[in-house]
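Colleague: Protein chains in written order, with the numbering used here: chain C, 1 to 440; chain G, 1001 to 1301; chain S, 2001 to 2283. All C-beta atoms, glycine included, are put in the ideal place defined by N, C-alpha and C. Quick caveat, the model's predicted, so the values are computed rather than measured. Sharing a structure below in structure tokens format, with a few things to ask.
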Amino acid sequence: MKRRTMFMLCLAAAGALAGCGSSADSAGTQASADNAPAAEASKEPVVINYYDWDIPDQKFIDDFNAANPDIKVVVHSIPANGERLTKLDILAMSGGDMDVMPISDGDQFTRFESGMLAPLDEFIERDGIDMEASFGKYAIWGQLDGTYYGIPFRATQSGVYYNKDMFDAAGVPYPSDDWTLEEYIETARKMAEWGKDDGIYGTYLHTYANEWATVAAQKGKWFTQDGKCNIKDPAWVKALETRKMLDDENIQMPYGQIVAAKAVINSSFLGGKEAMANAGSWLVRDMKNKEKFPFDFEVGVAYLPRFDETVEGPCSNYSASVLGIPANSQHKEEAWRFIKYYVEECSDYIAASGNLPTYLPAYTDDIATIFCDGSPLSPEDGQKFFSDSVNLTTNKIIESGGTEYMQIAKEEIEQYFNGEKTLEETLDNVERRVNEALAE
Amino acid sequence: MKRKRKLTQIQLREERAGYAFLLPSLIGTTIFIIIPIVMSLLLGFTEWNPMKGLAGLEFVGMENFKNIVDDERVVSALRNNLIYSFSYVPLTISIALVLATFLNKYVFFKIPIRMMTFMPYISSLVSVATVWMVLLYPESGPVNSILTNVFHVADPPKWFVSSQWALIGIIMMSVWHDVGYYCIILLANMQGLPQEVYESAAVDGASPIQTFFRITIPMMSSSLFFCITLATINSFKIFDQVNIITEGGPGFSTTVLVQAIYYYAFKEYKIGYAAAVAIVLFLVIFVFSTILQKAEEKLTY
Amino acid sequence: MKEKLNGNYKAKRLAGRIIATVIIGGLALMFVFPFLWMLSTSFKYEIDVMEFPVRLIPKNWNFKNYATVFLKSDFPGYYLNSIKVTFFAVAGELCITTMAAYAFGRLNFRGKKFLFTLYLSTMMVPGQVLLLPKYIYFSQLHITNTHLALILPSLFSVFGVLLMRQVFMQIPFEYTEAAYIDGASHLRIFWNLILPLAKPGLMTTLLLGFTWSWNDYINPLVFLSNEELFTLTVGLQRFQEDASTNYALIMAGATVSLIPLIILFLFTQKYFIESFASAGVKG
Chain C
1 MKRRTMFMLC LAAAGALAGC GSSADSAGTQ ASADNAPAAE ASKEPVVINY
51 YDWDIPDQKF IDDFNAANPD IKVVVHSIPA NGERLTKLDI LAMSGGDMDV
101 MPISDGDQFT RFESGMLAPL DEFIERDGID MEASFGKYAI WGQLDGTYYG
151 IPFRATQSGV YYNKDMFDAA GVPYPSDDWT LEEYIETARK MAEWGKDDGI
201 YGTYLHTYAN EWATVAAQKG KWFTQDGKCN IKDPAWVKAL ETRKMLDDEN
251 IQMPYGQIVA AKAVINSSFL GGKEAMANAG SWLVRDMKNK EKFPFDFEVG
301 VAYLPRFDET VEGPCSNYSA SVLGIPANSQ HKEEAWRFIK YYVEECSDYI
351 AASGNLPTYL PAYTDDIATI FCDGSPLSPE DGQKFFSDSV NLTTNKIIES
401 GGTEYMQIAK EEIEQYFNGE KTLEETLDNV ERRVNEALAE
Chain G
1001 MKRKRKLTQI QLREERAGYA FLLPSLIGTT IFIIIPIVMS LLLGFTEWNP
1051 MKGLAGLEFV GMENFKNIVD DERVVSALRN NLIYSFSYVP LTISIALVLA
1101 TFLNKYVFFK IPIRMMTFMP YISSLVSVAT VWMVLLYPES GPVNSILTNV
1151 FHVADPPKWF VSSQWALIGI IMMSVWHDVG YYCIILLANM QGLPQEVYES
1201 AAVDGASPIQ TFFRITIPMM SSSLFFCITL ATINSFKIFD QVNIITEGGP
1251 GFSTTVLVQA IYYYAFKEYK IGYAAAVAIV LFLVIFVFST ILQKAEEKLT
1301 Y
Chain S
2001 MKEKLNGNYK AKRLAGRIIA TVIIGGLALM FVFPFLWMLS TSFKYEIDVM
2051 EFPVRLIPKN WNFKNYATVF LKSDFPGYYL NSIKVTFFAV AGELCITTMA
2101 AYAFGRLNFR GKKFLFTLYL STMMVPGQVL LLPKYIYFSQ LHITNTHLAL
2151 ILPSLFSVFG VLLMRQVFMQ IPFEYTEAAY IDGASHLRIF WNLILPLAKP
2201 GLMTTLLLGF TWSWNDYINP LVFLSNEELF TLTVGLQRFQ EDASTNYALI
2251 MAGATVSLIP LIILFLFTQK YFIESFASAG VKG
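So, in structure tokens, the structure goes:
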């Protein structure tokens, strides 16, 4: 009896598989028809496949498709976790049907270097785009050695978020926009002192690669004049010592504890575990999501502290994600038109979704209001992410070899933060390994 | 004379049947499994820029393997892999065997308890990792609380944030995660054990412990070898647990080979080099599984 | 006297069993923690998920996660896809692998040792190194972005072959010898004699194969691009946001996706005992 049932099951499976096969086949031929040379496809719109983990509202896609009857943009959503780039890389490298590829902040340069993306200079020149004027400091995130491979479209700037209710209760004045690292440390210390009995820390700094360098990046240089590792730059040394000191004095959640507890900034700060948090502008997105993060206190944001008195403020740490066209794409022209549309027309949408748009001409007077609408930030605070007088620097290493450098630094430096190696040993190891890698 | 011819005829029949039974699997395995594997491994002798398609393929001979020798990441990974497998396999299989023995005969509520031991294997890895991070939390986790309060350990390990202890933490978690899996496999094989032997042992008044060592283990030896081989192969491919908890850190203390492969293939785009590391991993596993097979032949015949 | 001894023995055995049950059951409780964490997380607000010390009973109950999972994603669609992929993969796997396992486990033929080593070797290559070549190759075969890219490789699960071979080898050869001498075909022996005896093994292959396909994440992620084709594991990750976590929603979905596995487990294990009681192998 049972065996007969099983046999039938197998038969059914075989039959259905054949069915799957044919339907798959038709899907396959459809896909290849979509990819047919443009000459033949004068009637059928060209399909542009755009993959992203933060997909735009379908309305923008529909608008574009309506305005461009010869193009049909199809958006594919991918998970925003650690493997997102693996999926995109495989599609880009294998010549899978991907025409528009997003690359998140700092990850783009190895990809530009590897030839994964098509150079965009021709398009930029043809359409007369002045990258510097249109994208300001964000422009460098799209280029490598003077050639553009990506157009910046979503950006992040850091700030120090502070819990106003806690500051009020402690009687500590809110951070000023012109503060220095010393003042930041003092403020954090005061708030930690105040919150000690409730287990509230003074501030929070996450464990992302190079996160310890956000402030020091105003002064530090990753490479020496002759292109060697410069991790012993006094600015980096100071930054590492500062993190370690704040950890050891329990002014912020120690590095090892963040790792051991898998702490995350949003839950931690919005959960009232610390008075301040050094975080990106994406925290605004999370503050808007009351279903996920129900909290009831007022929040302000200050610029990052200045590293020392010699640095001109106000300062922020920043990075940008770009849209690029895989070198294997069959429809670069159409892909370019979509990228241009998305970057130029959708700034308000990008701002509303809690990201910083990068196309400066689209910055209107209410963009800051749109950006922080729904969060407890005042428009004045929101404006800090859109000001053009900010001294923007980045903690990411965007020169060639940066990915490897950052990986090595993370591997070695966590042992210093965890108290397993001295600073000297750590710096020596980073220097040696980075120089070895650079020599290759 | 006549007998011999008949025998070969039987053998021939058997051989034909053997090929016939194997054929569907062999065709599919070749197309969907063996070809991709051979393609991937051959890349170990090349430097490949996949963006340039086949034109980007450059044969470099043993170059990649020469570089592996002084690659700190790979060497540390290999060491960690060996430590991991040598502790994980014996622990997992012996615990699974004891557990299976009990769950086969000596307890009530067999099915619910089996279900419970299988839970970690089917639960999401994030939940498994979280539970272990909580258990081994250095400051106030239950394990360290017991160590300090009951055993008066002055300076309990910092587990996942300590270079010395992180790998041990990973081993403990993996053993716990996989015991249910091997327990299920062993149970399936225990079902086939002839009951008479157990019954006569019981009549002779053998204690359960005697029965376990004198009957269960010898009769299960083939299944045990199977599980040990399986566990060895799988243990060398460890990746997910490490990736989710320590990402290989602190330093290189929990870096494993698959992680190095992933890093080179998808962070640095050294596809050829990553494949070379995979070949090293393959050879290591191959050596150990061959040793296991030889040992099985020696011990069971 | 003898009766008393016997009673003593029985009482001892009963006591032993009770003690064993308590100890093993207590240990087994530890194995349920990840599931309890999933369950409790699915009723939390994200803000409370990573709180230390962890509370298994949520501080603030949030019943909306399940509704969100069902309403804000194509959860039923993912579910159906997972069922479809897993069903075909496992049904096909059982047919193909048991046949191959019969050949490896109970028949002699030239090249057997080599082929077996070849099969075993395929398990020694980590999937991560295969991803890119496999994607390129599968796109040549025109099966990327279809469920076939997931089903076809699973059909030829080498693990299934190894497991069933082991089970078949356990069955004493004397058992089939008579039928063999009588001239029964191997197909008959396989179908009528061996398979019925291998039920616990078949059920285990079914269970483990099903679990593997059901929980597979990296293959659906890499091979599927159209959202209509997504399986549960990939679909649920859509709730993940950049620089953030969304464990509460993901765990709500994951908890619901465990149901088939639990049912299947109970089903296959029940089979164990039954077959054990009825068809004990006579050696």
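Distance, Cα to Cα, Gly159 (chain C) vs Phe1226 (chain G)?
Modeller: 57 Å
Colleague: Within a Cβ cutoff of 6 Å, which residues of the same chain sit near Val311 (chain C), ignoring the five residues on either side of it in sequence?
Modeller: For Val311 (chain C), where only same-chain residues beyond five positions count, the Cβ hits under 6 Å are Gln218.
Colleague: Check each candidate in G:Gly1028, G:Ile1037 and G:Thr1130 and name the one with the smallest Cα separation from Arg2055 (chain S).
Modeller: G:Thr1130
Colleague: By how many angstroms is the C-alpha of Asp2074 (chain S) removed from the C-alpha of Val2256 (chain S)?
Modeller: 14 Å
Colleague: With a cut-off of 8 Å on the beta carbons, I'd call Pro152 (chain C) and Ala320 (chain C) a contact; round off their distance for me.
Modeller: So it is a contact: roughly 4 Å between Cβ atoms.
Colleague: Nearest chain G C-beta to Ala33 (chain C) closer than 8 Å, yes or no?
Modeller: With a pLDDT of only 39 at Ala33 (chain C), under the threshold of 50, the placement of this residue in the model should not be trusted; the figure read from the coordinates follows. So, not an interface residue.
Colleague: By the three-class DSSP mapping on this structure, what secondary structure does Asn2108 (chain S) have?
Modeller: Assigned with DSSP and collapsed to three states, Asn2108 (chain S) falls in coil, not helix or strand.
Colleague: Using the three-state DSSP reduction, which class does Pro357 (chain C) fall into: helix, strand or coil?
Modeller: strand
Colleague: If you draw a straight line from the alpha carbon of Glu40 (chain C) to that of Asn328 (chain C), how long is it in whole angstroms?
Modeller: Because Glu40 (chain C) sits at a pLDDT of 46, beneath the cut-off of 50, its placement in the model cannot be relied upon, and the point is left open.
Colleague: Output, in sequence order along the chain, the residues in the segment 1243-1273 of chain G whose CB is closer than 7 Å to any CB in chain C.
Modeller: The segment 1243-1273 of chain G vs chain C, Cβ under 7 Å: Gly1249, Pro1250, Gly1251, Phe1252, Phe1266, Lys1267, Glu1268 and Tyr1269.
Colleague: In whole angstroms, what separates the C-alpha of Asn1067 (chain G) from that of Leu1281 (chain G)?
Modeller: Linking Asn1067 (chain G) to Leu1281 (chain G) through their CA atoms gives a straight-line distance of about 15 Å.
Colleague: Would you say Gly2105 (chain S) lies against chain G (beta-carbon separation less than 8 Å)?
Modeller: no
Colleague: For a test of the three-state rule: what should DSSP assign to Phe295 (chain C), helix, strand or coil?
Modeller: coil
Colleague: Please name the residue or residues paired with Cys1227 (chain G) in a DSSP beta bridge.
Modeller: DSSP output for Cys1227 (chain G) lists no bridge partner at all.
Colleague: Give every residue of the same chain whose Cβ lies closer than 8 Å to the Cβ of Asn2062 (chain S), excluding the five residues on either side of it in the sequence, and list them in chain order.
Modeller: Phe2043, Lys2044, Tyr2045 and Ala2248
Colleague: Whose C-alpha, out of C:Lys196, C:Val215 and C:Trp53, is nearest the C-alpha of Glu309 (chain C)?
Modeller: C:Val215
Colleague: If you measure from the beta carbon of Val264 (chain C) to each beta carbon in chain S, is any gap under 8 Å?
Modeller: yes
Colleague: On the CB-based measure, 16 or more other CB atoms within 10 Å of its CB, does Phe297 (chain C) come out buried or exposed?
Modeller: Per the 10 Å Cβ criterion, exposed.
Colleague: If I measure Cβ to Cβ from Ala437 (chain C) and keep anything under 8 Å in the same chain, skipping five residues before and after, which residues do I get?
Modeller: Gly401, Glu404, Tyr405 and Ile408
Colleague: So does the segment 106-113 of chain C actually touch the segment 129-144 of chain C, counting three or more Cβ pairs closer than 8 Å?
Modeller: yes
Colleague: Where does the unbroken alpha helix (DSSP H) through Glu1058 (chain G) begin, and where does it stop?
Modeller: Careful: Glu1058 (chain G) lies outside any alpha helix (DSSP H), inside the beta strand (DSSP E) at Leu1057 to Phe1059.
Colleague: Only counting the same chain, and skipping five residues up and downstream in sequence, which positions put a Cβ closer than 7 Å to that of Lys273 (chain C)?
Modeller: Ile200 and Tyr201
Colleague: Exposed or buried, what is Gly1061 (chain G) when buried is set at 16 or more other beta-carbons lying within 10 Å of its beta-carbon?
Modeller: exposed
Colleague: Determine, for Ala327 (chain C), whether the minimum Cβ-Cβ distance to residues of chain G falls below 8 Å.
Modeller: Chain G contact via Cβ: present.
Colleague: What are the start and end residues of the beta strand (DSSP E) that includes Val322 (chain C)?
Modeller: Cys315 to Gly324
Colleague: For the beta strand (DSSP E) that contains Thr156 (chain C), what are its first and last residues?
Modeller: Gly150 to Asn163
Colleague: Measuring CA to CA, which of S:Lys2012, S:Trp2037 and S:Thr2117 is closest to Ser1289 (chain G)?
Modeller: S:Thr2117
Colleague: At a CB-CB cut-off below 8 Å, which residues of chain S make contact with Gly1061 (chain G)?
Modeller: Under the 8 Å cutoff, chain S gives no residues; its nearest Cβ is about 19 Å from Gly1061 (chain G).
Colleague: Does the Cβ of Asp1204 (chain G) have 16 or more other Cβ atoms within 10 Å, making it buried, or fewer, making it exposed?
Modeller: exposed
Colleague: Can you tell me whether Pro1142 (chain G) is helix, strand or coil according to DSSP?
Modeller: Three-state DSSP puts Pro1142 (chain G) in a helix.
Colleague: What is the rounded straight-line gap between the Cα of Lys244 (chain C) and the Cα of Asn250 (chain C)?
Modeller: 10 Å
Colleague: Taking C-beta pairs closer than 8 Å, name the residues in chain G that Asn2108 (chain S) reaches, listed in chain order.
Modeller: Gln1011, Glu1014, Glu1015 and Gly1018
Colleague: Measuring CA to CA, which of C:Ala352, C:Gly354, C:Ala362 and C:Gln330 is closest to Lys340 (chain C)?
Modeller: C:Ala362
Colleague: Would you mind telling me which residues of chain C sit closer than 9 Å to Tyr1137 (chain G), beta carbon to beta carbon, in chain order?
Modeller: Gln257, Ala260 and Ala261
Colleague: Find the residues of chain S that neighbour Asp247 (chain C), judging by a C-beta separation of less than 7 Å, and give them in chain order.
Modeller: The contacting residues do not exist; Asp247 (chain C) stays about 17 Å from chain S at best.
Colleague: Check each residue of the segment 1106-1131 of chain G: if its Cβ is closer than 8 Å to any Cβ of chain S, include it; give the result in chain order.
Modeller: Tyr1106, Val1107, Phe1108, Phe1109, Lys1110, Ile1111, Ile1113, Arg1114, Met1115, Met1116, Thr1117, Phe1118, Met1119, Pro1120, Tyr1121, Ile1122, Ser1123, Ser1124, Val1126, Ser1127, Val1128, Thr1130 and Val1131
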